[in-house]
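Note that the sequence shown covers residues -14 to 162 in the numbering used here.
Ideal placement from N, C-alpha and C gives every residue a C-beta, glycine not left out.
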Amino acid sequence: MAQRLNRVGERPLPSAVRRLRHRVGLVLHRYPGARLALLLGPVLIWMLVIFLGSLGLLLITSFWRQDSVTGAIVQNWSLTNYQFLVQVDVYRTIAIRTVGIALAVTVTDIVLAIPIAYYAARIASPRVRTFLLLSMVLPLWSSYLVRVYAWRTILSGDGVLNWSLHQIHLGSVNLGF
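(1) According to DSSP, simplified to helix, strand and coil, what is GLN51?
(2) Contact defined as beta carbons within less than 8 Å: I believe LEU117 pairs with ALA109. What is the distance between those atoms, to the nearest angstrom?
(3) For VAL158, does the three-state DSSP call read helix, strand or coil?
(4) Note down, in chain order, each residue of its chain lying with its Cβ closer than 6 Å to the Cβ of MET(-14), except the 5 sequence neighbours on either side.
(5) Considering only residues of the same chain and omitting the five flanking positions on each side of THR46, which have a CB-CB separation below 6 Å?
(6) Quick one: Cα of TYR129 to Cα of LEU23, how far?
(7) Could you say if the stretch 147 to 161 and the stretch 120 to 137 meet the contact criterion of at least three C-beta pairs nearer than 8 Å?
(8) Are the stretch 34 to 48 and the stretch 59 to 70 touching, with three or more C-beta to C-beta distances below 8 Å?
(9) ILE30 to GLN152, Cα distance in whole Å?
(10) Given this structure, state the Cα-to-Cα distance separating THR93 from MET121, to the nearest angstrom.
(11) Identify, in the order they occur along the chain, each residue of the same chain with its Cβ nearer than 6 Å to the Cβ of THR138, setting aside the five sequence neighbours on each side.
(12) For VAL34, which of helix, strand or coil comes out of DSSP?
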């Protein structure tokens, strides 16, 4: 009788491990919610820890004050920053404007994103879906493209690097741009 192999050339798994894998597989097949929780759970927990941890640290540091002489952050608990925010007109105006812009952007994004996402997921043909996906992802590449063009400008034959080297009489460098 041939032994059951886990993978090609590997030793067979003990029967207890095989039974456990089979049971876990049955549970995950029978309950799609469990499969979803198993897949998304660790990622969501990690993202929440990072997100909430960052916000918590930001909140804690907002209660610290800045030394007026050295400019160093002093870890004494104080409400001075919040007093400035409420009492000084410039800070209050900027805070109100920032919250207003954040709310406007959030509402606009929700109003635009939900119908587009529904259309892309349920109605659009594969070709239109690809176009919509590309039109949403392409702006995220812009910072990369800006960096590439900046490096091309710096390293080109008539760029900043060669101009600087020419100014200090070191000649030019051909870097292939």
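The relevant details are as follows:
(1) Taken through DSSP and simplified to helix, strand or coil, GLN51 comes out as strand.
(2) Indeed, because the Cβ distance is near 6 Å, the residues count as touching under 8 Å.
(3) VAL158 falls in the coil class under three-state DSSP.
(4) Confidence at MET(-14) is low in this model, with a pLDDT of 47, below 50, so its placement is unreliable and no value can be given for it.
(5) Here the set comprises nothing.
(6) Distance from the CA atom of TYR129 to the CA atom of LEU23, rounded to whole angstroms, is 34 Å.
(7) Segments in contact, no.
(8) Output reads yes: the stretch 59 to 70 touches the stretch 34 to 48.
(9) Here the C-alpha atom of ILE30 lies approximately 55 Å from the C-alpha atom of GLN152.
(10) Computed Cα separation, rounded: 15 Å.
(11) Excluding residues within five positions, the ones whose Cβ falls inside 6 Å are GLY144.
(12) In the three-state reduction of the DSSP assignment, VAL34 falls in the helix class.
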